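See below for the structure under consideration.
Protein chains in written order, with the numbering used here: chain A, 1428 to 1741; chain B, 27 to 298.
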């Protein structure tokens, strides 16, 4: 394990051992599919198969050797004896399955399936030796449901109606959309969709989708490239305090500095109203240096809010 | 047989038995691999269980445990049992976790091992933390580790994306047990989200949606509605009120109102 080359050798033996049962269960699989299943290349897999070809149980007569055929680009195996049984699951593999099942649990409602998941979790936890699954939650039940509905709609190119809360405008609207893709940025999940309301491609935060209804009538989505977003604005900021919060709010890199910190920074935004609201929410911990019209927007907004407190501005 | 070979086999996770196995040469130490410890250790598996396990593995695609999940899946698919998706709902799960610290934390949770890591504090200082990991949870889009902080001598919550270093097993290894009845979600809710304070807010009709998750209506005043709203984190609550500008006005408590007014005056700056 200490030298990487040795570790590689071990990994290769592990893969060789796993190849045999996999081929046994998938006789006639193509080299390409096999390479994909093992995240490898056809060339590497061919090399592995050449090595395997020489293997057999002691005795070493031609009768006991494994029979592999793969010249045609499709792989079959005969006479694999005990090696055709898959190896026991490793610890990391078990942990990955436990977490995956925990996560599934929150998205399933059928009693029978839940029971099956619970049985599998008990079996797997037993192998790890402690009830680790009881100390993990991957739960985002609401979001999980929305995500699977959306990803099915993406797969089936189905139009949906969503109820969406726009945080920047602080309003709730119903929109008919055609979901195109789900992606992640800065720990937040977004849906890219064509929106019939704005007649353009839009991104929606999954956690702001309040409800989804299936659309029975086909929606008309024009072909073409996504609309260009409105232009970028570069905003210069001075961070006065609460640096971690400010940076996280703007999605800026949170890094530790050594001595003198550079508290002036800039951020590119597509929507200056969003930047204004963030600066507001930081309550004076960050100030906008430029452009002046954006910094004026902050002070005007604050002055307007003060009127609500009937304390006047003087 | 060479010691190195045995070590290699152990590294592969293969259990070996060492002993004099040859009846004719009893001073010759040999080793053997028991078929029942070598072969897949899940017992009887049904087609629908294979389908569920495949979905579980699939949810890791492109995320932190993707490789481990993929090799687990290959082993399961080598059993030659065809997956039975009949009874499984049509879902496409996807776990969102790319932090390299995820696997070491999961391992430490499984082995009950103390871990060390550097953590970014509020004022952007890096602090070394030594923690007995109790649980891991996902909430509001972030992953949290809940554990006993040995230097603070208290139960603490850490956000994974605020860890600045690799999580490593602590050299000051301590044996610990997780308290009985420990419930990671409960701890998280009570430390981070459970409302412990209330305020009365005047909210413009049709606005302030994100503030009103835990609220009740008190009265109607023209364009505004007076709500009683519960909150847990004062700082975050103030941030959120300010975010809403003149759509949300604090009525009570007085100190909260004062603080918001003070911050608005700061923000209004030259316009005063």
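Just so you know, even glycine gets a beta-carbon here, dropped at the ideal spot from N, CA and C. The structure displayed is predicted, hence computed values, not measured ones.
Neighbourhood of residue i by C-beta, 7 Å cutoff - its chain only, sequence neighbours within 5 removed
i: residue 230 of chain B; result: 249, 250 and 273
i: residue 1826 of chain A; result: There is simply no residue 1826 of chain A to check, as chain A begins at 1428 and stops at 1741 in what is shown.
i: residue 1468 of chain A; result: 1462
Segment limits, beta strand (DSSP E) that includes residue i
i: residue 1616 of chain A; result: 1615-1622
i: residue 1453 of chain A; result: Element bounds for residue 1453 of chain A: n/a, residue is neither H nor E.
i: residue 164 of chain B; result: 152-165
i: residue 142 of chain B; result: 141-146
i: residue 302 of chain B; result: Chain B is shown only over 27 to 298; residue 302 of chain B falls outside these bounds and no answer can be derived.
i: residue 70 of chain B; result: Looking at the DSSP string, residue 70 of chain B is not in any beta strand (DSSP E), and its letter there is neither H nor E.
i: residue 1631 of chain A; result: 1627-1632
i: residue 128 of chain B; result: That residue, residue 128 of chain B, is in no beta strand (DSSP E); its alpha helix (DSSP H) goes 128-137.
i: residue 1590 of chain A; result: 1587-1593
i: residue 1637 of chain A; result: 1636-1641
Cβ shell of residue i (< 8 Å), same chain only, five flanking positions each side left out
i: residue 1455 of chain A; result: 1501, 1502 and 1503
i: residue 60 of chain B; result: 41 and 43
i: residue 127 of chain B; result: 143, 186, 189, 192 and 193
i: residue 1600 of chain A; result: 1590, 1591, 1593 and 1624
i: residue 1659 of chain A; result: 1695, 1696 and 1697
i: residue 286 of chain B; result: 264, 267, 268 and 276
i: residue 212 of chain B; result: none
i: residue 233 of chain B; result: 270, 273 and 274
i: residue 76 of chain B; result: 102, 103, 105, 107, 108, 109 and 110
i: residue 1559 of chain A; result: 1522, 1525 and 1552
i: residue 1652 of chain A; result: At residue 1652 of chain A the pLDDT is 42, less than 50, meaning the model places this residue with poor confidence; the figure from the coordinates comes in the next sentence. Excluding residues within five positions, none has a Cβ falling inside 8 Å.
i: residue 1444 of chain A; result: 1510 and 1514
i: residue 1701 of chain A; result: 1595
i: residue 1709 of chain A; result: 1669, 1672, 1673 and 1676
Cβ distance (whole Å) where residue i is taken to contact residue j below 8 Å
i: residue 176 of chain B; j: residue 158 of chain B; result: 7 Å
i: residue 1713 of chain A; j: residue 1666 of chain A; result: 5 Å
i: residue 259 of chain B; j: residue 1554 of chain A; result: 40 Å between Cβ atoms; not a contact.
i: residue 109 of chain B; j: residue 73 of chain B; result: 6 Å
i: residue 279 of chain B; j: residue 225 of chain B; result: 6 Å
i: residue 131 of chain B; j: residue 171 of chain B; result: 6 Å
i: residue 18 of chain B; j: residue 1726 of chain A; result: Residue 18 of chain B lies beyond the stretch modelled for chain B, which goes from 27 to 298, so this question has no answer here.
i: residue 165 of chain B; j: residue 214 of chain B; result: 6 Å
i: residue 1527 of chain A; j: residue 121 of chain B; result: 7 Å
i: residue 1458 of chain A; j: residue 1473 of chain A; result: 7 Å
Length of the line joining the Cα atoms of residue i and residue j
i: residue 1705 of chain A; j: residue 1696 of chain A; result: 12 Å
i: residue 33 of chain B; j: residue 1521 of chain A; result: 22 Å
i: residue 1720 of chain A; j: residue 243 of chain B; result: 37 Å
i: residue 292 of chain B; j: residue 1730 of chain A; result: 10 Å
i: residue 204 of chain B; j: residue 1671 of chain A; result: 31 Å
i: residue 99 of chain B; j: residue 85 of chain B; result: 11 Å
i: residue 1525 of chain A; j: residue 79 of chain B; result: 9 Å
i: residue 1668 of chain A; j: residue 1692 of chain A; result: 13 Å
i: residue 1551 of chain A; j: residue 81 of chain B; result: 15 Å
i: residue 1517 of chain A; j: residue 207 of chain B; result: 29 Å
i: residue 160 of chain B; j: residue 1466 of chain A; result: 34 Å
i: residue 1792 of chain A; j: residue 1581 of chain A; result: No answer is possible for residue 1792 of chain A: it lies beyond the span of chain A, which begins at 1428 and ends at 1741.
i: residue 290 of chain B; j: residue 140 of chain B; result: 45 Å
i: residue 1523 of chain A; j: residue 252 of chain B; result: 48 Å
i: residue 1645 of chain A; j: residue 1586 of chain A; result: Residue confidence is low: residue 1645 of chain A scores 48 on pLDDT, short of 50, so the model does not pin down where it sits. No coordinate-derived value is stated.
i: residue 1514 of chain A; j: residue 1470 of chain A; result: 24 Å
i: residue 235 of chain B; j: residue 1641 of chain A; result: 24 Å
i: residue 1541 of chain A; j: residue 1453 of chain A; result: 30 Å
i: residue 256 of chain B; j: residue 1734 of chain A; result: 25 Å
i: residue 228 of chain B; j: residue 221 of chain B; result: 19 Å
Residues of its chain near residue i, where Cβ-Cβ distance is below 6 Å and the 5 sequence neighbours each way are ignored
i: residue 1630 of chain A; result: 1617 and 1619
i: residue 217 of chain B; result: 183
i: residue 125 of chain B; result: 186
i: residue 1497 of chain A; result: 1476
Interface flag, residue i vs chain C, CB-CB below 8 Å
i: residue 1707 of chain A; result: Reference to chain C is not applicable here, since the protein chains of this structure are A and B.
Limits of the unbroken alpha helix (DSSP H) element including residue i
i: residue 73 of chain B; result: 73-84
i: residue 288 of chain B; result: 280-294
i: residue 1475 of chain A; result: 1469-1480
i: residue 29 of chain B; result: 29-37
i: residue 97 of chain B; result: 92-103
i: residue 121 of chain B; result: Residue 121 of chain B -> no alpha helix (DSSP H), and no H or E assigned at all.
i: residue 263 of chain B; result: 260-269
Proximity test, residue i beta-carbon vs the ligand ADP heavy atom, cut-off 7 Å
i: residue 256 of chain B; result: In terms of ligand content, the structure shown is empty, and the ligand ADP therefore cannot be addressed.
Quiz item: Can you list the beta strand (DSSP E) stretches of 3 or more residues lying completely in the region 1661-1730 of chain A, in chain order?
Solution: For the region 1661-1730 of chain A, whole beta strand (DSSP E) runs of length 3 or above, ordered along the chain, are 1691-1696 and 1713-1717.
Quiz item: Considering only residues of the region 172-245 of chain B, which uninterrupted alpha helix (DSSP H) runs meet the minimum length of 4 residues and lie entirely inside it, listed in chain order?
Solution: List check, alpha helix (DSSP H) in window: 210-214.
Practice problem: List in chain order: all unbroken beta strand (DSSP E) runs of 3+ residues lying wholly within the region 1495-1544 of chain A. | Solution: Counting whole runs of 3 or more residues, the region 1495-1544 of chain A contains the beta strand (DSSP E) stretches 1501-1505.
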